[in-house]
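Please read the structure below before turning to the comments.
2 protein chains.
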Amino acid sequence: MILDKVYSADDVKKLSFDEMKSLAGEIRELIIKKVNTTGGHMGPNLGIVEATIAMHYVFNSPVDKFVFDVSHQCYPHKILTGRKEGFTNPDKYNVYTGYTAPEESEHDLFKVGHTSTSVSLACGVAKARDLKGEKGNVIALIGDGSLSGGEALEGLNNAGAMNSNIIIIVNDNDMSIAENQGGLYDNLKLLRETNGQAECNFFKSLGFEYLYVAEGNNVEKLVEAFEKVKDTKCPIVVHIKTLKGCGLAQAEENKEAFHWILPGTLDEDKGSVDFVENYTSLTRQYILDKAKEDKTVIAVNAGTPGVFGFDKEFRNSLGVQYTDVGIAEEHGVAYCSALAKGGAKPIFAVMSSFVQRTYDQISQDLCLNNSPVTMLIYWGGISGADATHLCTFDIPLISNIPNMVYLAPANKEEYLAMLDWSLEQTEKPVAIRVPNVELISTGVEDKTDYSVVKFKVVEQGEKVAILALGNFFELGREVKEQLGINATLINPCFMTDIDEELLESLKANHSVVVTLEDGELDGGFGEKITRFYGNSDMKVLNYGAKKEFTDRVPLEELYIRYRLTKELIAEDVKNLIS
Amino acid sequence: MILDKVYSADDVKKLSFDEMKSLAGEIRELIIKKVNTTGGHMGPNLGIVEATIAMHYVFNSPVDKFVFDVSHQCYPHKILTGRKEGFTNPDKYNVYTGYTAPEESEHDLFKVGHTSTSVSLACGVAKARDLKGEKGNVIALIGDGSLSGGEALEGLNNAGAMNSNIIIIVNDNDMSIAENQGGLYDNLKLLRETNGQAECNFFKSLGFEYLYVAEGNNVEKLVEAFEKVKDTKCPIVVHIKTLKGCGLAQAEENKEAFHWILPGTLDEDKGSVDFVENYTSLTRQYILDKAKEDKTVIAVNAGTPGVFGFDKEFRNSLGVQYTDVGIAEEHGVAYCSALAKGGAKPIFAVMSSFVQRTYDQISQDLCLNNSPVTMLIYWGGISGADATHLCTFDIPLISNIPNMVYLAPANKEEYLAMLDWSLEQTEKPVAIRVPNVELISTGVEDKTDYSVVKFKVVEQGEKVAILALGNFFELGREVKEQLGINATLINPCFMTDIDEELLESLKANHSVVVTLEDGELDGGFGEKITRFYGNSDMKVLNYGAKKEFTDRVPLEELYIRYRLTKELIAEDVKNLIS
Chain A
1 MILDKVYSAD DVKKLSFDEM KSLAGEIREL IIKKVNTTGG HMGPNLGIVE
51 ATIAMHYVFN SPVDKFVFDV SHQCYPHKIL TGRKEGFTNP DKYNVYTGYT
101 APEESEHDLF KVGHTSTSVS LACGVAKARD LKGEKGNVIA LIGDGSLSGG
151 EALEGLNNAG AMNSNIIIIV NDNDMSIAEN QGGLYDNLKL LRETNGQAEC
201 NFFKSLGFEY LYVAEGNNVE KLVEAFEKVK DTKCPIVVHI KTLKGCGLAQ
251 AEENKEAFHW ILPGTLDEDK GSVDFVENYT SLTRQYILDK AKEDKTVIAV
301 NAGTPGVFGF DKEFRNSLGV QYTDVGIAEE HGVAYCSALA KGGAKPIFAV
351 MSSFVQRTYD QISQDLCLNN SPVTMLIYWG GISGADATHL CTFDIPLISN
401 IPNMVYLAPA NKEEYLAMLD WSLEQTEKPV AIRVPNVELI STGVEDKTDY
451 SVVKFKVVEQ GEKVAILALG NFFELGREVK EQLGINATLI NPCFMTDIDE
501 ELLESLKANH SVVVTLEDGE LDGGFGEKIT RFYGNSDMKV LNYGAKKEFT
551 DRVPLEELYI RYRLTKELIA EDVKNLIS
Chain B
1 MILDKVYSAD DVKKLSFDEM KSLAGEIREL IIKKVNTTGG HMGPNLGIVE
51 ATIAMHYVFN SPVDKFVFDV SHQCYPHKIL TGRKEGFTNP DKYNVYTGYT
101 APEESEHDLF KVGHTSTSVS LACGVAKARD LKGEKGNVIA LIGDGSLSGG
151 EALEGLNNAG AMNSNIIIIV NDNDMSIAEN QGGLYDNLKL LRETNGQAEC
201 NFFKSLGFEY LYVAEGNNVE KLVEAFEKVK DTKCPIVVHI KTLKGCGLAQ
251 AEENKEAFHW ILPGTLDEDK GSVDFVENYT SLTRQYILDK AKEDKTVIAV
301 NAGTPGVFGF DKEFRNSLGV QYTDVGIAEE HGVAYCSALA KGGAKPIFAV
351 MSSFVQRTYD QISQDLCLNN SPVTMLIYWG GISGADATHL CTFDIPLISN
401 IPNMVYLAPA NKEEYLAMLD WSLEQTEKPV AIRVPNVELI STGVEDKTDY
451 SVVKFKVVEQ GEKVAILALG NFFELGREVK EQLGINATLI NPCFMTDIDE
501 ELLESLKANH SVVVTLEDGE LDGGFGEKIT RFYGNSDMKV LNYGAKKEFT
551 DRVPLEELYI RYRLTKELIA EDVKNLIS
């Protein structure tokens with residue numbers, strides 16, 4: 001094993017090309033085994049093994065600075081920078097995160113999980129170096145769909161004009177998570193087809209020098225290219241053609257499915273899984289049905305169709321009624337706003353964590369123009385996710401923007417009714433938080449008119465009123481039971497507005513109001529309720545997440561930390577009413 | 001007067017080229033006179049007169065759809081679409097807004113004031129047309145610096161790949177608000193110098209067909225070009241070279257100063273204005289001094305240096321310690337985060353309204369990485385501004401992001417102390433809301449350590465505690481006087497965190513807490529205070545702006561609407577304690 005000789009990045013420099021080739025095979029094997037065990041990013045890491053080895057061979061990290069984009073391509077880098085036991089030893093599989101993490105190693109500069117950031121960050125690192133009169137190379141590694149994000153494009157425009165050393169390695173595997181989207185990718189294709197010789201060159205048009213490496217999974221060719229650009233005095237793009245999933249037949253063939261996999265995906269006997277309806281499959285079918293009925297219904301997403309179950313069958317079935325804008329949420333929201341103004345019925349699907357990339361477009365393009373777009377926010381809620389992919393901030397982000405209606409359904413029928421209402425109304429932008437819990441059906445059709453802000457009193461009681469929002473509606477029911485008194489149980493449905501009439505009426509025979517929301521408390525739903533009661537005798541207890549970045553903290557632990565269990569909440573309430 | 005014959009867009013079609021030339025002169029005269037009277041965007045509108053006439057001559061609005069970017073280039077368009085009295089009649093100068101406004105005319109599709117949105121919006125309009133099987137051209141007009149914004153770049157990448165009619169007119173006047181920034185602008189220069197013939201073409205690299213018009217202030221040439229691209233079946237860019245400020249000598253010479261002017265700028269006798277120190281001039285001088293002392297201090301902004309008084313003298317004096325990233329706030333924040341990680345001391349200046357363009361970068365690139373950047377948020381507060389440029393949302397936007405410290409100074413000495421502390425500390429990202437009120441000096445040096453969350457008790461009293469934040473600290477003092485009781489006056493300083501110890505201590509001898517903040521209440525500072533007291537007997541009254549887009553509503557009217565006067569607040573408090 002070559003890897004036995006490699007403890008740190010410096011050891012890579014001592015290897016021969018043959019040894020590096022063997023090393024690539026060994027790393028690949030480790031990644032396949034580990035990712036198939038824990039789940040994680042498979043294809044992106046397999047494609048970038050040789051480039052990572054060549055980077056460490058030619059450059060001198062951490063004096064030379066590597067900035068990873070998305071950073072889900074950093075597994076080979078982790079293996080080469082003192083963290084290989086996280087891949088060789090199954091007991092330590094979960095010691096290191098799936099992203100670059102400065103707390104793990106001086107070779108990781110930033111904690112990064114959202115895409116399209118590396119070029120901008122590299123510009124800052126390079127400028128700081130220059131201001132301090134230091135030397136060294138700054139290398140950004142970008143690709144895998146990230147190029148289409150606004151931050152990457154802004155960064156490239158600025159990097160191209162820097163009069164200094166900055167090297168952008170573009171990892172071109174001809175894929176985003178799904179297919180690439182946009183004219184830029186046609187230019188990459190042209191460059192691949194002309195061996196980098198085409199005159200019309202996106203990177204050159206932005207001021208970069210440019211070098212093409214056709215064999216991006218060949219260490220020797222990569223080393224040669226990197227040696228050439230090392231210590232450059234000007235911005236340069238090294239465009240390397242790699243194979244996503246390289247070395248794993250299934251991943252090479254099915255690039256989208258193997259971008260990120262669940263544990264055990266490669267195992268032969270996975271057993272048969274019975275289909276269980278959930279909010280994702282429900283939404284998928286709903287869109288298919290609506291699109292068939294109405295040719296102006298169009299489903300839009302920004303480069304992550306898999307998250308929403310928008311598989312190839314779905315895409316083919318929708319045809320022109322489907323747009324994947326690529327990783328470009330800003331464009332996605334503006335595009336949908338204009339679609340709606342033009343009389344179409346756009347449904348924009350987006351993950352809670354990634355909706356953060358498009359605040360201003362929600363405010364200006366969408367809400368200021370009151371365009372009747374339906375936004376579906378997926379995965380919103382407290383979770384044990386990486387700090388880079390938390391989904392706890394969408395309520396504060398979305399619901400304080402004027403004109404928006406942000407809804408939190410608590411069951412299947414309510415969700416469907418909200419979808420129907422949103423698609424048919426023409427007055428307002430609507431966001432719906434797709435429940436991030438097991439599907440619950442009441443079996444009773446919901447005929448609510450959601451153009452009126454009205455909280456639903458599900459069980460009328462007294463003394464204590466529990467306002468339990470969306471994902472946490474069932475928790476509210478449990479709290480009521482735990483309290484053992486005839487408390488009032490309310491399903492607020494709306495996160496953007498309060499039902500003043502109802503809240504006012506509660507004053508008559510309630511002394512405590514409890515709010516439950518599956519997200520950050522600061523700036524969220526509960527605070528609006530508390531503000532309403534500020535000048536009254538009503539006591540209000542708000543439950544939700546603390547304002548913090550948590551990093552792979554188990555959900556159960558977070559629930560305890562935030563007192564989000566029926567027992568702890570009931571305890572607090574009892575203390576207040578006793 | 002040709003204009004006497006022009007009541008609507010259709011009338012333009014009947015004119016000869018000579019008449020259109022005369023019309024251009026007449027429109028120019030109206031704009032100069034009107035803008036010099038009311039203030040507004042001068043240079044951008046003077047540059048685009050001929051293009052607007054040619055657009056209305058060739059295309060058939062509103063069947064063909066015009067989408068303006070920034071929309072501060074829409075004055076000629078307004079004059080030609082039934083709104084000329086807003087320019088001919090001084091009594092009606094303020095009837096129409098300075099931006100496109102659908103409520104004014106069917107020729108205005110969107111309410112737009114932030115830049116870089118037109119291409120994405122045009123994509124949506126074009127796609128809706130196609131879904132509905134309709135005909136017509138969709139034309140986006142972009143330029144004047146807007147191309148460098150992430151949303152524009154994402155939009156171009158998507159537009160270039162559309163298999164349908166979409167026309168992007170790039171108004172290239174070789175300027176942003178200040179100089180253009182980024183490699184892209186070198187490509188535009190190359191294209192101008194080669195009469196559009198250079199092979200390396202940014203727009204072609206994104207999939208567009210391309211047409212260059214060297215004489216962008218010549219109606220005949222423009223008409224010829226637009227006729228050529230009309231009814232195109234594929235995405236095409238018409239790159240027109242125009243002169244910013246065309247027809248007004250001062251504006252042609254001093255393009256930056258005449259981008260937007262104050263009323264009376266052209267009048268000969270403006271009288272001499274005495275220099276009065278304000279928070280902008282104070283900040284400007286502070287940065288100059290610090291940069292001289294410490295070569296790692298660097299001032300960064302995103303294309304609006306004039307807002308911060310970063311004039312040519314300032315820029316020249318700072319030299320390499322100054323970066324204007326162009327209209328590219330996302331890049332700006334990430335760049336600063338990396339500068340800080342690299343050991344430099346970046347100060348990022350940004351307008352409250354435009355900080356909205358970079359939520360995710362503040363969260364992920366900056367706060368998650370805990371980079372010690374100093375962000376200065378200008379103009380934050382309630383105002384009579386256009387709906388597109390409100391500055392009421394920065395507190396909810398910024399202060400609910402973990403790790404951030406967002407400070408609101410109430411006087412000069414406090415502001416300077418916060419700046420000093422922020423620049424020297426290395427632990428956290430810090431934002432400071434530059435006061436948007438007259439400069440107040442206490443004359444006493446502030447020696448507070450802002451690494452500890454501590455609200456300042458300025459006057460210790462009882463019964464009622466007034467927490468008056470930043471801009472509204474003096475209002476707090478007035479409320480106390482108006483109340484005529486020995487109320488406690490508190491300067492909270494922090495918007496991101498609460499001083500629990502102090503709040504707890506108030507319970508002993510206070511029954512009412514009042515919070516005052518110059519911004520939106522929903523998701524803001526006051527709600528954090530109210531939540532803290534939710535389970536107690538403390539009554540809390542929150543004052544700030546309602547969640548709404550206001551549009552040129554006079555400030556005094558808003559203050560009444562929000563009960564933000566000392567009299568109304570005192571009345572509410574008295575009702576509560578009586």
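Quick mapping for you: the protein sequence lines, in order, are chains A and B. In terms of the numbering used here, the first sequence opens at residue 1 and continues consecutively. In terms of the numbering used here, the second sequence opens at residue 1 and continues consecutively. Backbone N, C-alpha and C fix where the C-beta goes; we use that ideal spot for every residue, glycine too.
Between the beta-carbon of Y543 (chain B) and that of V513 (chain B) there is about 11 angstroms, and that puts the pair past the 8 angstroms contact cut. Counting C-beta pairs closer than 8 angstroms gives fewer than three between the region 178-195 of chain A and the region 335-343 of chain A, which falls short of the contact rule. By the rule that beta-carbons nearer than 8 angstroms mark a contact, R433 (chain B) does not touch chain A. Short of 8 angstroms from the beta carbon of L288 (chain A), and not among the five residues preceding or following it, lie these beta carbons of its own chain, in chain order: F314, S317 and L318. Counting along the chain, the unbroken beta strand (DSSP E) around Y210 (chain A) starts and ends at E209 to V213.
Interface flag for E330 (chain A) against chain B is set, since a Cβ pair is found closer than 8 angstroms.
With a threshold of 8 angstroms between beta carbons, L184 (chain A) makes contact with chain B.
Straight across, the Cα-Cα distance linking T442 (chain A) with L282 (chain A) is about 15 angstroms.
With contacts defined as CB atoms closer than 8 angstroms, Y450 (chain B) and L407 (chain B) qualify as a contacting pair. If you draw a 10 Å sphere on the C-beta of G160 (chain A), you find 16 or more other C-beta atoms in it, and that means buried. The C-alpha of Y185 (chain B) lies about 8 angstroms from the C-alpha of D174 (chain B). Per DSSP, Y57 (chain B) lies in no beta strand (DSSP E); the unbroken alpha helix (DSSP H) holding it starts and ends at V49 to V58.
Looking at the DSSP output, P346 (chain B) bridges to B:I298. At a Cβ-Cβ threshold of 8 angstroms, G524 (chain A) and P409 (chain A) do not count as neighbours. Looking at the DSSP output, T515 (chain A) sits in a beta bridge with A:L467 and A:N542. In the DSSP assignment, N171 (chain B) falls within the beta strand (DSSP E) that extends over I166 to D172.
Runs of alpha helix (DSSP H) with 4 or more residues, each lying fully within the region 32-110 of chain B, are found at 43-47, 49-58, 75-80 and 85-88, listed in chain order. Within chain B, N158 have C-beta atoms less than 7 angstroms from the C-beta of V325 (chain A), given in sequence order. Assigned with DSSP and collapsed to three states, E227 (chain B) falls in helix. Of the other Cβ atoms in all chains shown, 16 or more fall within 10 Å of the Cβ of I398 (chain A); this residue is therefore buried.
D324 (chain B) carries a strand assignment under DSSP once its states are collapsed to helix, strand and coil. When DSSP states are grouped into helix, strand and coil, I498 (chain A) belongs to the coil group. Any Cβ of chain B closer than 8 angstroms to the Cβ of K204 (chain A) would place that residue at the interface, and such an atom is present. Cβ-Cβ separation between H56 (chain A) and L30 (chain A): approximately 16 angstroms, too far for a contact (criterion under 8 angstroms).
In the DSSP assignment, M351 (chain A) is bridged to A:Y378.
Counting only the Cα atoms, D394 (chain B) lies some 11 angstroms from I382 (chain B). Listed along chain A are C367, L368, P402 and N403, each with a C-beta nearer than 8 angstroms to that of F549 (chain B).
The beta carbon of G40 (chain A) sits closer than 6 angstroms to the beta carbons of G98 from its chain, once the five residues preceding and following it are set aside; these are given in chain order. Take D108 (chain B), set aside five residues on each side of it, and the residues of its chain with a beta-carbon closer than 7 angstroms to its own are T100, A101 and P102, in chain order. Under the three-state reduction of DSSP output, Y533 (chain B) falls in the coil class, being neither helix nor strand. Scanning B:Y7, B:V35, B:V67 and B:N301 for the CA closest to the CA of G264 (chain B) turns up B:V35. Scanning its chain for C-beta atoms nearer than 7 angstroms, with the 5 sequence neighbours on each side dropped, one finds around N45 (chain A) the residues I31, Q73, Y75 and P76, in chain order. In this structure, the beta-carbon distance from L366 (chain A) to L153 (chain B) does not fall below 8 angstroms.
Taking a cut-off of 8 angstroms for Cβ pairs, the region 83-91 of chain B and the region 51-70 of chain B do not touch, as fewer than three such pairs fall below it.
For the region 527-541 of chain B, the set of residues with a beta-carbon nearer than 7 angstroms to any beta-carbon of chain A comprises E527, K528, T530, R531, G534, N535, K539, V540 and L541, in chain order. For a cut-off of 8 angstroms, the C-beta gap from D499 (chain B) to K454 (chain B) is around 5 angstroms, short enough to register as a contact.
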